[in-house]
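Under the working numbering, the letters of the sequence shown match residues 604 to 713, in that order.
Everything below concerns the one structure shown next.
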Amino acid sequence: MRNEIICDKCKLIISKFEIKTHIITQDEKGIDVQESYFQCPTCGKKYTILISDRKLRLLIQKRVLCLKKIQKAKNKKDEAAMIRNKKKHDRIEKEISDWQGMLTKKYAGK
Ligand SMILES: [Zn+2]
Numbered sequence: 604m605r606n607e608i609i610c611d612k613c614k615l616i617i618s619k620f621e622i623k624t625h626i627i628t629q630d631e632k633g634i635d636v637q638e639s640y641f642q643c644p645t646c647g648k649k650y651t652i653l654i655s656d657r658k659l660r661l662l663i664q665k666r667v668l669c670l671k672k673i674q675k676a677k678n679k680k681d682e683a684a685m686i687r688n689k690k691k692h693d694r695i696e697k698e699i700s701d702w703q704g705m706l707t708k709k710y711a712g713k
């Protein structure tokens, strides 16, 4: 994250972020949908950092695993495995960003 942002409501420069997490709701299976956010200390405007549900959290875990595999392949100089995992990583990354977009649309402002 950037080190400071200008609040677009009160124009204060915010340089200290106190990141909070709250549960927005539960999905169909009763699993928490969480939002990480911070608030402008002056006017209280809320800035969302990440909205995550079970699927997103799983995808993020999958991506971490994939990065580890890439590192392993690099250490072994296994070019084929590197390319394979890099492709997989890119696919997961795309999936994460699509799903995040959907979650933001669905839950932002709640
Ligand atoms: Zn503000």
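Here a beta-carbon is modelled for each residue, glycine too, at the ideal position from N, C-alpha and C.
Computed from a predicted structure; not experimentally measured.
ask   = Where Lys708 and Lys679 are concerned, what is the direct C-alpha to C-alpha distance, given to the nearest angstrom?
value = Walking along the sequence shown from the start, residue 708 turns up at place 105. Walking along the sequence shown from the start, residue 679 turns up at place 76. Distance between the alpha carbons of Lys708 and Lys679: 42 Å.
query = Out of curiosity, what's the CA-to-CA distance linking Glu638 and Lys623?
reply = Here residue 638 corresponds to residue number 35 of the sequence shown, with the count starting at 1. Here residue 623 corresponds to residue number 20 of the sequence shown, with the count starting at 1. Approximately 8 Å between the Cα atoms of the pair.
inquiry  = Any residue with its Cβ nearer than 6 Å to a heavy atom of ligand 1 should be included. What is that list in chain order?
reply    = Taken from the N-terminal end onward, the list reads Cys610, Lys612, Cys613, Leu615, Cys643, Thr645, Cys646 and Lys648.
DSSP state of Ser639 mapped onto helix, strand, coil = Along the sequence shown, one-based indexing puts residue 639 at 36. Note: Ser639 maps to strand in three-state DSSP.
request  = Return the CA-CA distance between Arg687 and Tyr640, expressed in angstroms with no decimal places.
outcome  = Against the sequence shown, residue 687 aligns to sequence position 84. Against the sequence shown, residue 640 aligns to sequence position 37. Cα to Cα, the separation comes out at about 35 Å.
query = Excluding five sequence neighbours on each side, which residues of the same chain lie with their C-beta closer than 8 Å to the C-beta of Glu607?
reply = Start at 1 with the first residue of the sequence shown, and residue 607 comes out as number 4. If we look at Glu607 and ignore the five residues flanking it on each side, its Cβ neighbours are Ile616, Ile617 and Ser618.
key: Cys613, buried or exposed, once every other Cβ within 10 Å from all chains shown has been counted against 16   = In the sequence shown, counting from the first residue as 1, residue 613 sits at position 10. In summary, Cys613 is exposed, with fewer than 16 beta-carbon neighbours lying within 10 Å of its beta-carbon over all protein chains present.
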